[in-house]
Structure formats: structure tokens, C-alpha cells
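Taking it in order: structure first as C-alpha cells, then the write-up.
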Amino acid sequence: MKASVRSVNDVWIVDLQGRITIGQGDVVLREKVQDLLQMGCKKILLNLEKVSYMDSAGIGELVACYKRAKERGGTVKLLNPSGKVYDLLQLTKLEEVFETYRKEDEAVASFGG
Amino acid sequence: MKASVRSVNDVWIVDLQGRITIGQGDVVLREKVQDLLQMGCKKILLNLEKVSYMDSAGIGELVACYKRAKERGGTVKLLNPSGKVYDLLQLTKLEEVFETYRKEDEAVASFGG
Amino acid sequence: MTEATIELVIPSEVRYVDLVHGIAQCAAQTLGFEEDAALDLALAAREATINAIVHGHRRDPARKVQVRLRAAPGNGIRIEVCDEGPGFDPERAPDPRARENRLRDSGRGLLLMRAFVDEVRFERRREGGMRVVLLKKMPGRAAARKTEEKE
Amino acid sequence: MTEATIELVIPSEVRYVDLVHGIAQCAAQTLGFEEDAALDLALAAREATINAIVHGHRRDPARKVQVRLRAAPGNGIRIEVCDEGPGFDPERAPDPRARENRLRDSGRGLLLMRAFVDEVRFERRREGGMRVVLLKKMPGRAAARKTEEKE
Ligand SMILES: Nc1ncnc2c1ncn2[C@@H]1O[C@H](COP(=O)(O)OP(=O)(O)O)[C@@H](O)[C@H]1O
Ligand SMILES: Nc1ncnc2c1ncn2[C@@H]1O[C@H](COP(=O)(O)OP(=O)(O)O)[C@@H](O)[C@H]1O
Chain R
6 MKASVRSVND VWIVDLQGRI TIGQGDVVLR EKVQDLLQMG CKKILLNLEK VSYMDSAGIG
66 ELVACYKRAK ERGGTVKLLN PSGKVYDLLQ LTKLEEVFET YRKEDEAVAS FGG
Chain H
6 MKASVRSVND VWIVDLQGRI TIGQGDVVLR EKVQDLLQMG CKKILLNLEK VSYMDSAGIG
66 ELVACYKRAK ERGGTVKLLN PSGKVYDLLQ LTKLEEVFET YRKEDEAVAS FGG
Chain P
951 MTEATIELVI PSEVRYVDLV HGIAQCAAQT LGFEEDAALD LALAAREATI NAIVHGHRRD
1011 PARKVQVRLR AAPGNGIRIE VCDEGPGFDP ERAPDPRARE NRLRDSGRGL LLMRAFVDEV
1071 RFERRREGGM RVVLLKKMPG RAAARKTEEK E
Chain W
951 MTEATIELVI PSEVRYVDLV HGIAQCAAQT LGFEEDAALD LALAAREATI NAIVHGHRRD
1011 PARKVQVRLR AAPGNGIRIE VCDEGPGFDP ERAPDPRARE NRLRDSGRGL LLMRAFVDEV
1071 RFERRREGGM RVVLLKKMPG RAAARKTEEK E
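Residue numbers (this note's numbering), protein chains in the order written: chain R, 6 to 118; chain H, 6 to 118; chain P, 951 to 1101; chain W, 951 to 1101.
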């Protein structure tokens, strides 16, 4: 999986591409989010549009990122989960945990000033 | 494999797409060319541009088409063999058997009036 | 019986999970499953394989996970994932969708398997260890089309 | 040995050739081969399988062809294709590139195998039948990149 980071206002958007799976994508995700948290970034938006699928390890890492951010007073939200990824968030009821947006500007605005 | 036929002047161009392999593409190729020969078409141009690869059965069928046309006073020529297909024609020295063209108009013109 | 079998034997290392996933997906597609159904089967096989490696064998590369796939073109596919570990009782696994479990880092594998294939069976092997059996039917449309539409 | 093995057993019907091709290609790509090298390996496995089905078993579905693949991520791949047929002597197969053979409908399978992999061995099995062994090395660049670049 590829991950690149950009910022809009004070929101850090992580554009993910590929699959979040055991031993590979999950590690990339963990490291990117930990880097951001260590730099003091608190508003993190994971762009899932180009993530084709996740396995249980990938989903677990998503939850771990959410919790790690929360411990530091931050938030992780999701942008545009695609077909299979959307289904997985529904199936696991994580759609009720993560704030999820379809549009980037709305997602960014939701973090507040 | 998909095969569709069109004519330019009195040349019959068979546009092939997919792979020419045992039990599938080879059968499609055989039937298309036999149909054309039965209808009395003598100038046949096989467009290989969109053929990804062939196996030995597919290559054998190409040769069989060539011979069947010849028996009936016709000709089979080739248009635009792509990467792997080109390599296979070289490897088997069939490039010395088949007249092969890169450009459709040149191929059509080569059959003569 | 004119049916094909594929047996994979892998060391208990997670880097081999992609191989199982890939083989299952490829076999399913070659045998006529639509792309999405083939991915579902592969994702279920992936979860069963991860569990065999991680829980069954504690990632010990010397211990092998066996994955057996049986299929005939146009019919369903059956995949068995076998380990030599301690085994477990799937009834005792907590529901990861329950409110109190939603923030756990793990515990979603069985849920995913059950969602992605038509039937999941957990069996204790007589020789020790678990056998997880995954069954996926050829979806209707695919079954009807399977022969004609092959390019 | 931390190495994976895949064993396919198929009835001697040509419709199963695509399965062998697909599994070989998929395994090679998952294990780090570039797309083109993986296709070459699959094409060689395809030819050996066609021969086992057609010449070895005369397309009798009751007789099974065995295809064994061994590999470790980053290393080469070895594929064995075994039949229970009469066997043959590859030295006696005419060269299909010779001018007088170019218009034959068949006889190009051995040539293709040899072109697509690094080594081809033909062995008579003690229990009867042929074993065709195909070896393909991981091409240089792929081997160097295999670990880092996996997405
Ligand atoms: N093959 C296995 N061998 C032993 N225990 C297993 C096996 N598969 C699953 N389990 C047990 O069942 C539990 C639930 O599995 P699962 O839903 O896949 O979640 P996870 O693997 O993320 O913990 C595991 O935590 C483990 O205790
Ligand atoms: N597995 C096999 N069992 C018996 N004979 C074989 C086998 N493989 C190849 N042969 C023999 O070797 C010849 C050359 O094989 P090949 O180059 O693949 O061409 P083709 O299969 O098109 O005839 C075949 O015609 C056949 O006589």
C-alpha cells in the first residue's frame, strides 16, 4: 500500500492506495499515523477512496489508529470508503465508530476551525 | 477470444482480441477463417494487435488457417502482432512464412487489386 | 470425478498469506466466478489462513499450514484450511459487532469468513488441530454464463 | 525449509489447462516475479500440461495430471508436471523451426517451454510416465526489489 500525506488548513489528509492487509498495508498505516501523532497533528483524515480491500488485521489497525489518536486528544475520520471497504465497515459496525464523509471539503470542515 | 470481421475493398480483416489458446481461441479462429473461405473470401488479414498471447495449439491453428486458405487459392496475412505474439512468431520462424504488416493500409494494398 | 484439486502447503509466516489469497482468487476466476465473488472467497481463505498461522502455529515457520481447494468448472468451490495447533471453540469467540467489542484491535476474522462465503465449518481434526471448511456456491448468473462467455 | 509448495491434480481435460496457467502465473507474481516473467513461466507450464493431457493421457478424464510448484518468496520457482502415460524421448522430436517443419500444425510445445524458462528437464518416472521439470530463476531486478516494493 502507498500512503502520502498532505494538509488542508490544519487537517492532515492521508491518501491511501492499495490494500490494508496483514504485514504490509497495516504496517504502512500504523507508521504514517504514528508519525503524524508524534508531530502533534490532531486532526487526521484517512482517504480510503483508493483502498481496494482490508483484511481483519487491516481493520484492526484502523481501530488502533483511532484509539491512539483519541488518547492524545486527536481524531481520526474517514473519507470515501469504496465498495468492499464500505461493506467491511458496515459489517463490523465500525461505521458507527468512525465519522465518515463522502466529500473532502465537508470532511475538512467537520473538524472545525 | 473475440473475433469480428470487416472488409476493406476485397480484403477481409479479422480483428482478434484475447488469447489464442487450446480449446477456446483456437476454435474461434478456425471457425471464423473457415466461414470466410466457405463464402469464397480469398484475401484474409488477421489483425493480431489485441492478441495478448498464443500457445502451441493457437500457433498451430494459425498455420492451419494459412494452409487451408492456400489450398483454396487464398492468402492469410498478419497485421500488427504485439509483444508476446511477435516473439512467438520469431521463435517459431513463422515470421518467414507469414507476410506481416505494421500498418493496415499497407497490408490491404499488399493483396493487390 | 472430473474435478480439480489444489493443495498448498505453506510455512507459518504471514508473508505467505498473499499466496493463498492469490491462488484462491485465481482459481475461482478461472473456474467461472465473477471477480467480486472470487475476491470474497479469497478474503475468507485469507482470514482462515491468518488464524492458522497466528493462533494455530504462533507463526512458527517450521509448522506448515495446509490449504486444499476442490472445484469443477461451473460448480462451487470448497476450501479447507488445516493447522496442527490447539484448536478452539468458535462459539466462545465474542461478537465483534457488540458495542463493547467494537474498539478491539482484533476478533473480526470469523465474522469476515462467515460474511464472504456461503458456509463455514470449524472441525477439530482427529490428528489434532483445526480444519476450517469454506464453501462458496457459483453465483447464479455466473453459473449460467460460465461456458459460453469465456474468451 | 521455509518454502511453499502447491500441488494441483487435474483430470486430463484441456479445459483445466487455464487453471494450471493461472495458478502458475499468480504464484509467480505473488512471489515477486515481474508480470512478463510470470507469464513466461505460466506459458511453459501450460505447454507441459497440454502434453501430459493430450499425449500422456489421450484426454482421458479419469487419468490425473499432477502439477507441483515449489517456491520461496524472492527465489526461483520449480514446476513439475507429471503424467502416467507412455513417456517419450525429447531428443527425437523434430525441430519445428526447420524449413520442412514450419508448416506443421503441431510440434512447437517443447520449443516454447525451452524458450520461456531457464531450464527444462524431461525425466521418465520410475512408476511410469513422464516428469517434466521447469525451472525459472527470479530475474535480477525483481529479486532485488521483491521485499521493499510490495504494496
Ligand atoms: N486456527 C485457530 N487455532 C486456534 N485458535 C483460533 C483459530 N482460529 C481462531 N482462533 C481463536 O478464535 C478467536 C477469534 O478469531 P478471529 O475472529 O479470526 O479473530 P482474531 O484472529 O482477530 O483474534 C481468535 O482470537 C483465537 O482465539
Ligand atoms: N507428456 C508426454 N507424453 C508422451 N509424449 C509426449 C509428451 N510430451 C511430448 N510428447 C511427444 O513429443 C512430441 C513433441 O511435443 P511438442 O513439441 O509439445 O509438440 P506437440 O505436442 O504439438 O506435438 C509430441 O508430438 C509427442 O509425441
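Built from N, CA and C at the ideal position, the CB exists for glycine as well.
The structure displayed is predicted, hence computed values, not measured ones.
Could you check what DSSP says for residue i in three-state terms: helix, strand or coil?
i        : result
K108(R)  : coil
R24(R)   : strand
L1053(W) : coil
N85(R)   : coil
G97(H)   : Correcting the residue identity first, residue 97(H) is Thr in this sequence and not Gly. Here T97(H) sits in coil by DSSP.
A1093(W) : The predicted model places A1093(W) with a pLDDT of 48, which falls under 50 and marks its position as unreliable, so this point remains unresolved.
Q1060(P) : Per the sequence shown, residue 1060(P) should be read as Leu rather than Gln. Three-state result, L1060(P): helix.
T980(P)  : helix
E1099(W) : Since pLDDT at E1099(W) reaches only 41, below the 50 mark, its modelled position is unreliable, and the value read off the structure follows with that caveat. Coil at E1099(W), not helix or strand.
F116(H)  : coil
Q29(R)   : coil
R1018(P) : strand
Measuring straight from C-alpha to C-alpha, what distance separates residue i and residue j?
i        : j        : result
Q43(H)   : S9(H)    : 16 Å
L1037(P) : M59(H)   : Note on residue identity: the sequence assigns Gly, not Leu, to residue 1037(P). Straight-line Cα distance between these residues: approximately 47 Å.
R35(H)   : P86(H)   : 18 Å
L53(H)   : M1080(W) : 35 Å
Q1016(P) : I1029(P) : 10 Å
Q29(H)   : A114(H)  : 31 Å
L991(W)  : F1066(W) : 6 Å
E1099(W) : E985(W)  : Low local confidence applies: a pLDDT of 41 at E1099(W) is under 50, so the model's placement there is unreliable, and no value is given.
V959(W)  : A954(P)  : 6 Å
T97(R)   : F983(W)  : 35 Å
W17(H)   : G63(H)   : 20 Å
R1018(P) : I973(P)  : 11 Å
V1083(W) : R1071(W) : 5 Å
A988(W)  : Q975(W)  : 5 Å
F116(R)  : P1046(P) : 28 Å
R73(R)   : I1003(P) : 27 Å
L1062(W) : H1005(P) : 45 Å
Under a Cβ-count criterion, where at least 16 other Cβ atoms within 10 Å of its own Cβ denotes burial, should residue i be classed as buried or exposed?
i        : result
E997(P)  : buried
D968(W)  : buried
K82(R)   : buried
M1088(W) : buried
N14(R)   : exposed
E66(R)   : buried
P1044(W) : exposed
S962(P)  : buried
S12(H)   : exposed
Q95(H)   : exposed
E76(R)   : exposed
E1034(W) : buried
A1048(W) : exposed
K1014(W) : buried
Compare the Cα-Cα distances from residue i to each of the options and report the closest residue.
i        : options                            : result
L21(H)   : E104(H), V90(H) and K48(H)         : V90(H)
E109(R)  : L84(R), G79(R), L94(R) and G88(R)  : L84(R)
T26(H)   : K75(H), S12(H), A112(H) and V56(H) : V56(H)
L994(W)  : D1010(W), R1020(W) and V1031(W)    : Per the sequence shown, residue 994(W) should be read as Ala rather than Leu. With distances taken between Cα atoms, A994(W) lies closest to V1031(W).
F103(H)  : M6(H), L50(H) and L41(H)           : L50(H)
R1075(P) : R1064(P), G1057(P) and D1039(P)    : D1039(P)
C70(H)   : Y106(H), Q39(H) and R107(H)        : Q39(H)
D1055(W) : V68(H), V19(H), C46(H) and G45(H)  : V68(H)
If I'm right that residue i touches residue j with Cβ under 8 Å, what's the distance once you round it to whole angstroms?
i        : j        : result
L1060(P) : I1027(P) : No, L1060(P) and I1027(P) are not in contact; Cβ-Cβ is about 20 Å, not under 8 Å.
L1085(P) : E1069(P) : 4 Å
T80(H)   : K48(H)   : 6 Å
**Asked** the stretch 59-81 of chain H: which residues have C-beta closer than 8 Å to a C-beta of chain C, in chain order?
**Response** The structure shown contains no chain C; its protein chains are R, H, P and W.
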